[in-house]
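*Asks:* Shown below is the structure under consideration.
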Amino acid sequence: MSKADKIKARAPRGFADRGPAEIAATERMLAAIRQSYELYGFEAVETSFVEYTDALGKFLPDQDRPNEGVFSFQDDDEQWLSLRYDLTAPLARYVAEHFDALPKPYRSYRAGWVFRNEKPGPGRFRQFMQFDADTVGAASVAADAEICMMAADTLEKVGIGRGDYVIKVNNRKVLDGVLEAIGLGGETQAGQRLTVLRAIDKLDRLGPDGVRHLLGAGRKDESGDFTKGAGLEPDAIARVLAFTEAKGATNAETIENLRTVVAGSARGEEGASELAEIAALVAGSGYEDRVTVDPSVVRGLEYYTGPVYEAELTFQVQDEDGRPVRFGSVGGGGRYDGLVGRFRSEPVPATGFSIGVSRLFSALKAVKSPVVSGQETPGPVVVLVMDRDQIAAYQRMVSTLRHAGVRAELYLGSSGMKAQMKYADKRQSPCVIIQGSNERERGEVEIKDLIEGAKAADAIASNAEWKSARPAQFSVAENQLVDAVREVLGRHFG
RNA sequence: GCAGCCGUAGCUCAGUUGGUUAGAGCACCAGAUUGUGGAUCUGGGGGUCCCCCGUUCGAGCCGGGGCGGCUGUACCA
554 MSKADKIKAR APRGFADRGP AEIAATERML AAIRQSYELY GFEAVETSFV
604 EYTDALGKFL PDQDRPNEGV FSFQDDDEQW LSLRYDLTAP LARYVAEHFD
654 ALPKPYRSYR AGWVFRNEKP GPGRFRQFMQ FDADTVGAAS VAADAEICMM
704 AADTLEKVGI GRGDYVIKVN NRKVLDGVLE AIGLGGETQA GQRLTVLRAI
754 DKLDRLGPDG VRHLLGAGRK DESGDFTKGA GLEPDAIARV LAFTEAKGAT
804 NAETIENLRT VVAGSARGEE GASELAEIAA LVAGSGYEDR VTVDPSVVRG
854 LEYYTGPVYE AELTFQVQDE DGRPVRFGSV GGGGRYDGLV GRFRSEPVPA
904 TGFSIGVSRL FSALKAVKSP VVSGQETPGP VVVLVMDRDQ IAAYQRMVST
954 LRHAGVRAEL YLGSSGMKAQ MKYADKRQSP CVIIQGSNER ERGEVEIKDL
1004 IEGAKAADAI ASNAEWKSAR PAQFSVAENQ LVDAVREVLG RHFG
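Just so we're aligned: the first sequence equals residues 554 to 1047 in our numbering.
Structure below.
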């Protein structure tokens, strides 16, 4: 078989492998988030990766493009199934299915992989992890306020310092009021409303001028590509932009500005009142410096019906080329009162928050949070195979170490001693166990401290000296093996 | 999807106006050293020069088409 016939070994576009260091660090971060959610009284729940397509979203994939946006396939009874693209829609299905058995309000959290069939980019994958918390069955904005405060606590728990993040809150009802005022309130303008929404969502990236173009005729980007706009009149554009710029020095001031912008719209005023209530609740618990009302937050999703929130990191770091990197949003959420109701005859209010696990993870690495950059765990103690006919004896040493609770393994390859040393080095072994015929005759084992040895290597220039010195190596009686290994481990991992 | 840039070893890249057997550094493997990681030295494995068609005596290089990657933009329920 020629090489050309071989299958190329590569992960599919937008999918990533993870090694032991990243897995361990992510687990620590997830544990911290879980603790925070648990502390707030949320309970765990897990749903499947696959859902009936119609339970996930509002349309069935059509025959021509069944995988637009989501990964979909047909069951043997021809029903369409899809990989979940977020954790909110599956939760709505779960709550609707088990409605009678669940305590209401139902507070739950869950972490898991979600899948999107979209173009991947740096920091954007087709499989990624989210960590959500939701309160279902509580119409009060106290539920929204609580989730915002929990988001703040959670970020601090994983190592983001106070002042390095902000939880921004807005309300869809206020935006609806603005849209009503410029004549986009009707059912027939739903598409145009969504275009406006998405244009505002790009404020942080494109700035007010870019958004102005998107709200009007359209915008041409630097590659010369043209994006069609929402087609609003200039005074309507001014009104929308005024809304996004209504943020004042304090929450009270911002809400006052918003009341002016939506004056006359009942729905808009209701939204402003809800924001005032949230601001009061947040201030009552002393979170007013971390949870702020910010009209520029809209979120691109259609299903939000009330308060929406976004957790944004405000610090900057430099990448390898010295360019500033902003992490921006690491999580978001909002109230989705219509989602569970799709499955039931009665409306069920709900609100929730979702953390983008990978994005938060890269941010934590950038700020060197101890949660992700804690000490590397040591590799296993490796028992070297010096004489092939003594494998049973070597295996017994491994077994002794394991029963003493020491992570250990027998070298299972076929190479010589030098390669075995390299193997142990690559495995980050704290030490290796050596027993050749000399040691065996004396009833001893040789223990080499690889960490100490590496330090000693700096002072040694010639290879002959390196080999004869045998740094950080000592001999003990066989029955002292466990104690000696523990002593070496104690030197480095206390 | 649209637009721009780019495809040579596992990685980063050289490769002259088109010329014979396509190179370097790093990484990997082995030896120098019967049984010791690092450093040094020596050697070795590894390539359909993304694919196909065309031009040419001759293509890594020129032309056309395709595929793939990166960046921006759109979509992201």
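Note that beta-carbon positions come from the ideal geometry of N, C-alpha and C, so glycine has one too.
Taking Cβ to Cβ, would you say S922 is nearer than 8 Å to V711?
*Replies:* It is a contact, given that the beta carbons lie within the stated cut-off.
*Asks:* Which residue comes first and which comes last in the beta strand (DSSP E) that contains D653?
*Replies:* No beta strand (DSSP E) holds D653; DSSP gives it neither H nor E.
*Asks:* By the 10 Å Cβ neighbour count, where 16 or more other Cβ atoms means buried, how is Y605 classified, buried or exposed?
*Replies:* Exposed: under 16 other Cβ atoms inside 10 Å.
*Asks:* Which residue spans inside the region 753 to 790 form an unbroken beta strand (DSSP E) run of at least 3?
*Replies:* Fully enclosed beta strand (DSSP E) runs of 3 or longer: 771 to 773, 779 to 781.
*Asks:* Would you decide whether E1061 is buried or exposed? Buried here means 16 or more other CB atoms lie within 10 Å of its CB.
*Replies:* What is shown of the chain runs 554 to 1047, which leaves residue 1061 out entirely.
*Asks:* Spatial neighbours of G676 within its chain, please: C-beta separation below 6 Å, excluding the five flanking residues on both sides.
*Replies:* Excluding positions up to five away in sequence, the list is empty.
*Asks:* Excluding the five sequence neighbours on either side, which residues of its own chain have a C-beta within less than 8 Å of the C-beta of A642, listed in chain order?
*Replies:* Cβ within range, chain order: E604, A608, L609, G610, L892.
*Asks:* Would DSSP call F896 helix, strand or coil?
*Replies:* Looking at F896 - three-state DSSP - the assignment turns out to be coil, as it is neither helix nor strand.
*Asks:* Would you mind working out which of Q632, A645, V598, Q680 sits nearest R571, comparing C-alpha positions?
*Replies:* The option with the nearest alpha carbon to R571 is Q680.
*Asks:* Does DSSP put G744 in a helix, a strand or coil?
*Replies:* Helix, per DSSP.
*Asks:* Determine the burial state of S838: buried for a count of at least 16 other Cβ atoms within 10 Å of its Cβ, exposed for fewer.
*Replies:* S838 comes out exposed.
*Asks:* For R772 and L794, what's the separation of their Cα atoms in angstroms?
*Replies:* One C-alpha to the other measures close to 16 Å.
*Asks:* What is the DSSP secondary structure of D978, reduced to helix, strand or coil?
*Replies:* DSSP places D978 in helix when its eight states are reduced to three.
*Asks:* Restricting to Cα atoms, I'd like to know which of R669, L732, D1002, A1030 is closest to V495.
*Replies:* Since the first residue of the chain shown is 554 and the last is 1047, residue 495 is not available in this structure.
*Asks:* For D1036, does the three-state DSSP call read helix, strand or coil?
*Replies:* DSSP places D1036 in helix when its eight states are reduced to three.
*Asks:* Report yes if the C-beta distance between V851 and L708 is below 8 Å; otherwise report no.
*Replies:* No, Cβ-Cβ distance for V851 and L708 is not below 8 Å.
*Asks:* Measuring straight from C-alpha to C-alpha, what distance separates G738 and A805?
*Replies:* Those two C-alpha atoms are separated by around 27 Å.
*Asks:* Output needed for E1005: all residues of its chain with C-beta closer than 6 Å, excluding positions within five of it in sequence on either side, in chain order.
*Replies:* Result list for E1005: A1025, in chain order.
*Asks:* If you count every other CB in all the chains shown that lies within 10 Å of the CB of V815, and 16 or more means buried, which is it?
*Replies:* By the 10 Å Cβ count, V815 comes out buried.
*Asks:* Can you check DSSP and say which residues form a bridge with A864?
*Replies:* Answer by DSSP bridge pairing, in chain order: I720, G884.
*Asks:* May I ask you to list the residues that DSSP assigns as paired with Y605?
*Replies:* Looking at the DSSP assignment, Y605 forms a beta bridge with L634.
*Asks:* State yes or no: is the C-beta of G782 within less than 8 Å of the C-beta of L768?
*Replies:* A contact, by the Cβ cut-off of 8 Å.
*Asks:* Along the chain, where does the alpha helix (DSSP H) containing V951 start, and where does it finish?
*Replies:* Looking at the DSSP string, the run of the alpha helix (DSSP H) that includes V951 is 944 to 956.
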